[in-house]
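Undergrad:
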Amino acid sequence: MNEKRIYYGGAILTLNEDQPSVEAVATEGEKIVAVGKFTEIKQKMGDGFELINLDGFTLLPGFIDSHMHPIMFIFFLVNLDLTNVKSMKDLHILIRETAPQKNSSEWIIGLRLNEEYFTNPEERTLPTRWQLDEICSENPVFLVRYDGHIGVANTKALEIAGITAETEVPEGGEIRKNEKGEITGIISEEALNLLYSKMSFPNPSEIMDGAEKAFKILAEKGITSICGLVEYDRGRGVEFSIMKSIIPKVLQNWYCLVTTEDINNIVKVKKPPLDEGHKYSKFKIGGFKTFADGTFGAKTACMFEPFSDAPDMCGFCVVDTEKLYNLMKDAHNRGFQIGVHTIGDKGNRIVVDLYKRLLKENPREDHRHRVEHASMLTADVIRDMKELGLIASCQPSFINSEYTWLEKRIGKDRCKYTYPYKSLIDAGVVIASGSDCPVEVPDVILGIHALVTRNGLVPEQCISIEEALKTYTINGAYAAFEEDVKGSIEVGKLADFVILDKNPLEVPKAQIKNIQVLETIVRGKSVYKRN
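In my numbering, the protein residues as written are 262 to 792.
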């Protein structure tokens, strides 16, 4: 028997422009069945419903994280967290404490290293293999920078991976050397696979424990749906095997984009249980996701001009553009949605030009193709995105992590068109927001804070709280072809809600980051409730 509930007694923000706020919302089972005046809804619902008094708190549509890596998040939770490392001494202590817990053949993998946050400015560079050897030479050690696009390995890890000064560098990757021609241990982009291919996955019990923790964390942040990106090629589909195994632990709705070099692999996985094939499916396979360039942090974003603090580096495309186009064309002509990771100004120009060519040669209505990150956008690129109907799948929390050092990396002038959210909205481009978790913490409230304050970084690109909320709700639904299913509080949509302790429309901008999630409801079921 479907449970019936009526929510009332607080602010209810529907994110439906035709009915922006209401007195009450009624649900039956997984869906919303009535929206409007409290007395009328009570009468309509008849007998046998539960009244849920919001006690003055605020109910909104559940948050949608439109770009994250769930399997990577699980791996992050079962490996070494370097978030709080603020010096080489901290790194030394943490690895030294970890090494005795492992035998000499076990890898020590550390994630989310951010050297830009080191207390001593002289230490704000990635360590080398020799520095890691001083800390631990017995175990293979590999530390990944927080953006996931660059890392550093100690000598033993390099030996296991067979990486030497003579190793052929994979296309779209780097194996960095010093002035003597010696490998430094710093590896980026496509070359990372040389190391990943030698690492073992966590055991099944670790994966299940990590999955349970991961999806609970998302629930605590008010997230009811994710666009979860999953890699197919690495390990020959092992990430999809993991995805199937963790289904009982997944609390959120999961719309999946697949990273692969063979579009046939998307066809292979687009079936139950990972795609149930109907409008209200909890799991859906939406299409194809790939990479065009790297990141600002790794200095691998593809730029027209060199980085301000590295005049010999302009970044690069991690794949041949014709190869990228052919993959996009194959996915497009099979009816799949496409998302392309692009950070740098040149990278975004290249990718939008590829989309322009694709849609001219192969017209398709309502494709909803996406530019993932869309970090650095000149005015001409934004105009073309609007004309082509491209979605900007953005990560506002990047601002929270980068505002203290981004100007040093790209200069003041280029900052003006980096994360240009107001310019995108003014042009009519749909923005869907995500976290890129585990690159960033999957905290929607902090993402909204970044959108409306930008921590002072190019404040003229701030957007309103209403616009910010849309990027995490109805726009996120639109970016997954699900605006008829979720993203606003309307009859017939899923009962996906978040309850906040304050009405974000009434909170001063500077205090938005202090808003707390009190409860998260997915398909009518409470999956998190704050004590």
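Backbone N, C-alpha and C fix where the C-beta goes; we use that ideal spot for every residue, glycine too.
Note that this is a predicted model, so its numbers are computed, not measured.
Could you round the C-beta distance between A559 and I411 to whole angstroms and report it? I think they count as a contact, below 8 Å.
TA: Here residue 559 refers to the residue found at position 298 when the sequence shown is read from its first residue. Here residue 411 refers to the residue found at position 150 when the sequence shown is read from its first residue. Their Cβ separation, rounded to whole angstroms, is 4 Å, which keeps A559 and I411 in contact under 8 Å.
Undergrad: Whole angstroms is fine: what's the gap from D570's alpha carbon to N381's?
TA: The residue you call residue 570 lines up with position 309 of the sequence shown. The residue you call residue 381 lines up with position 120 of the sequence shown. For D570 and N381, the distance between alpha carbons rounds to 17 Å.
Undergrad: Would you tell me roughly how many angstroms separate the C-alpha atoms of V223 and K417, rounded to the nearest one?
TA: No answer is possible for residue 223: it lies beyond the span of the chain, which begins at 262 and ends at 792.
Undergrad: Among the residues of its own chain, which have a CB less than 8 Å from the CB of W368, if the five just before and after it don't count?
TA: Within the sequence shown, residue 368 is the residue found at index 107, counting from 1. Excluding residues within five positions, the ones whose Cβ falls inside 8 Å are N400, P401, V402, F403, A418, M460 and S461.
Undergrad: If you count every other CB in all the chains shown that lies within 10 Å of the CB of E780, and 16 or more means buried, which is it?
TA: One-based indexing of the sequence shown puts residue 780 at position 519. Buried is the call here.
Undergrad: Looking only at DSSP bridge pairs, what is G753 linked to?
TA: Locating residue 753 in the sequence shown gives position 492, where the first residue counts as 1. G753 pairs with nothing; no bridge assigned.
Undergrad: By how many angstroms is the C-alpha of T275 removed from the C-alpha of S449?
TA: For this step, residue 449 is matched to residue 188 along the sequence shown. For this step, residue 275 is matched to residue 14 along the sequence shown. In a straight line, the C-alpha of S449 is about 44 Å away from that of T275.
Undergrad: Who are the Cβ neighbours of M794 in its own chain at under 7 Å, not counting the five residues just before and after it?
TA: Because residue 794 is not part of the residues shown, which for the chain are 262 to 792, the question remains open.
Undergrad: Of the residues T319, D470, I424 and Q362, which one's Cα is nearest the Cα of F337?
TA: By 1-based counting over the sequence shown, the position of residue 337 is 76. Here the closest residue by C-alpha is D470.
Undergrad: Could you check whether V511 and I546 sit closer than 8 Å to each other, using their CB atoms as the reference points?
TA: Here residue 546 is taken as the residue at index 285 of the sequence shown, counted from 1. Here residue 511 is taken as the residue at index 250 of the sequence shown, counted from 1. Cβ distance not < 8 Å, so I546 and V511 don't count as in contact.
Undergrad: From what residue to what residue does the alpha helix (DSSP H) around M646 run?
TA: The residue you call residue 646 lines up with position 385 of the sequence shown. From DSSP, the alpha helix (DSSP H) with M646 extends over A640 to L649.
Undergrad: So, helix, strand or coil for C563, using DSSP?
TA: One-based indexing of the sequence shown puts residue 563 at position 302. It is coil, neither helix nor strand.
Undergrad: Is H539 buried or exposed, if buried means 16 or more other CB atoms sit within 10 Å of its CB?
TA: In the sequence shown, residue 539 corresponds to position 278, counting from 1. Exposed, since its Cβ has fewer than 16 Cβ neighbours within 10 Å.
Undergrad: Under 8 Å: do the stretch 320-337 and the stretch 687-701 share three or more Cβ pairs, one atom per stretch?
TA: The stretch 320-337, when compared against the stretch 687-701, does touch it at the 8 Å Cβ threshold.
Undergrad: Which runs of the alpha helix (DSSP H) at least 4 residues long sit entirely within the stretch 374-417? Give them in chain order.
TA: Runs found: 390-396.
Undergrad: Quick check for students: name the residue ranges of the alpha helix (DSSP H) that lie wholly in the stretch 497-523, counting only runs of 4 or more.
TA: 499-506, all fully within the stretch 497-523.
Undergrad: Leaving aside the five residues before and after F476 along the sequence, list all residues of the same chain whose C-beta is less than 7 Å from its C-beta, in chain order.
TA: One-based indexing of the sequence shown puts residue 476 at position 215. Once the five neighbours on either side are set aside, the close Cβ partners of F476 are K510, V511, L512 and Q513.
Undergrad: Pick out whichever of N775, G297, N263 and I760 has its Cα sitting closest to the Cα of T319.
TA: Working through the sequence shown from its first residue, we reach residue 319 at position 58. Of the candidates N775, G297, N263 and I760, the one whose C-alpha sits nearest the C-alpha of T319 is I760.
Undergrad: If contacts are defined as beta-carbon pairs under 8 Å, then D697 and Q656 qualify, I think. What distance do you get, rounded to the angstrom?
TA: Within the sequence shown, numbered from 1, the residue matching residue 697 stands at position 436. Within the sequence shown, numbered from 1, the residue matching residue 656 stands at position 395. Yes, D697 and Q656 are in contact; Cβ-Cβ is about 5 Å, under 8 Å.
Undergrad: On a Cα-Cα basis, can you pick out the residue from E427, E500 and E435 that is closest to P463?
TA: Counting from one through the sequence shown, the residue named residue 463 turns up at place 202. Cα-wise, what sits closest to P463 is E500.
Undergrad: I need the straight-line Cα distance from S348 to R675, nearest angstrom please.
TA: Here residue 348 refers to the residue found at position 87 when the sequence shown is read from its first residue. Here residue 675 refers to the residue found at position 414 when the sequence shown is read from its first residue. When rounded, the distance between both Cα atoms is 29 Å.
Undergrad: Return helix, strand or coil for I447, following the three-state DSSP convention.
TA: The residue given as residue 447 occupies position 186 in the sequence shown. Residue state, collapsed to three classes: strand.
Undergrad: Return the CA-CA distance between L730 and T389, expressed in angstroms with no decimal places.
TA: On the sequence shown, position 469 is the one that residue 730 refers to. On the sequence shown, position 128 is the one that residue 389 refers to. Going by the C-alpha atoms only, they are around 42 Å apart.
Undergrad: Pick out the complete alpha helix (DSSP H) segments inside the stretch 459-489, 4 residues or longer, and give them in chain order.
TA: Entirely contained in the stretch 459-489, the alpha helix (DSSP H) runs reaching 4 residues are, in chain order, 465-481.
Undergrad: Which residues share a DSSP beta bridge with A571?
TA: The residue labelled residue 571 in the question sits at position 310 within the sequence shown. The partner list for A571 (beta bridge, DSSP) reads F568.
Undergrad: Suppose you measure from the CA of N716 to the CA of D494; what does that come to, to the nearest Å?
TA: By one-based count along the sequence shown, residue 716 stands at place 455. By one-based count along the sequence shown, residue 494 stands at place 233. Cα to Cα, N716 sits roughly 38 Å from D494.
Undergrad: Given a cut-off of 8 Å on the beta-carbon distance, is the pair V632 and I484 in contact?
TA: Start at 1 with the first residue of the sequence shown, and residue 632 comes out as number 371. Start at 1 with the first residue of the sequence shown, and residue 484 comes out as number 223. Taking 8 Å as the Cβ cut-off, V632 and I484 do not qualify as a contacting pair.
Undergrad: Return the Cβ separation of M646 and V613 in integer angstroms, given the expectation that the two are a contact with Cβ distance under 8 Å.
TA: On the sequence shown, position 385 is the one that residue 646 refers to. On the sequence shown, position 352 is the one that residue 613 refers to. 6 Å between Cβ atoms; contact.
Undergrad: Could you please give the first and the last residue of the uninterrupted beta strand (DSSP E) stretch that includes T319?
TA: Along the sequence shown, one-based indexing puts residue 319 at 58. That run of the beta strand (DSSP E) goes T319 to P322.
Undergrad: For the putative contact between E701 and S662, defined by C-beta atoms under 8 Å, what is the C-beta separation to the nearest angstrom?
TA: Here the question's residue 701 lines up with position 440 in the sequence shown. Here the question's residue 662 lines up with position 401 in the sequence shown. About 6 Å separates the two Cβ atoms, so the contact holds.
Undergrad: If you drop the 5 nearest sequence neighbours on each side, which residues of the same chain put their C-beta closer than 8 Å to that of T425?
TA: Your numbering for residue 425 matches position 164 in the sequence shown. Answer for T425: L419 and I444, listed in chain order.
Undergrad: Measuring alpha carbon to alpha carbon, tell me which residue in G290, V296 and F742 is nearest V283.
TA: The sequence position of residue 283 within the sequence shown is 22, counting from 1. Residue V296 is the option with its Cα nearest to V283.
Undergrad: So, helix, strand or coil for F577, using DSSP?
TA: One-based indexing of the sequence shown puts residue 577 at position 316. If DSSP states are grouped into helix, strand and coil, F577 belongs with coil.
Undergrad: Assuming the contact rule is C-beta atoms closer than 8 Å, A553 and V530 should be a hit. Round their C-beta distance to whole Å, please.
TA: Taking the first residue of the sequence shown as position 1, residue 553 is located at position 292. Taking the first residue of the sequence shown as position 1, residue 530 is located at position 269. Not a contact, Cβ separation roughly 23 Å.
Undergrad: Report buried or exposed for L312, applying the criterion of at least 16 other Cβ atoms within 10 angstroms of its Cβ.
TA: By 1-based counting over the sequence shown, the position of residue 312 is 51. Exposed, because fewer than 16 other Cβ atoms sit within 10 Å of the Cβ of L312.
Undergrad: Sort Y407, E429 and R357 by Cα distance to K395 and report the nearest one.
TA: Taking the first residue of the sequence shown as position 1, residue 395 is located at position 134. One detail in the question is off: residue 395 reads as Glu in this sequence, not Lys. Selected option, being the one with the closest Cα: R357.
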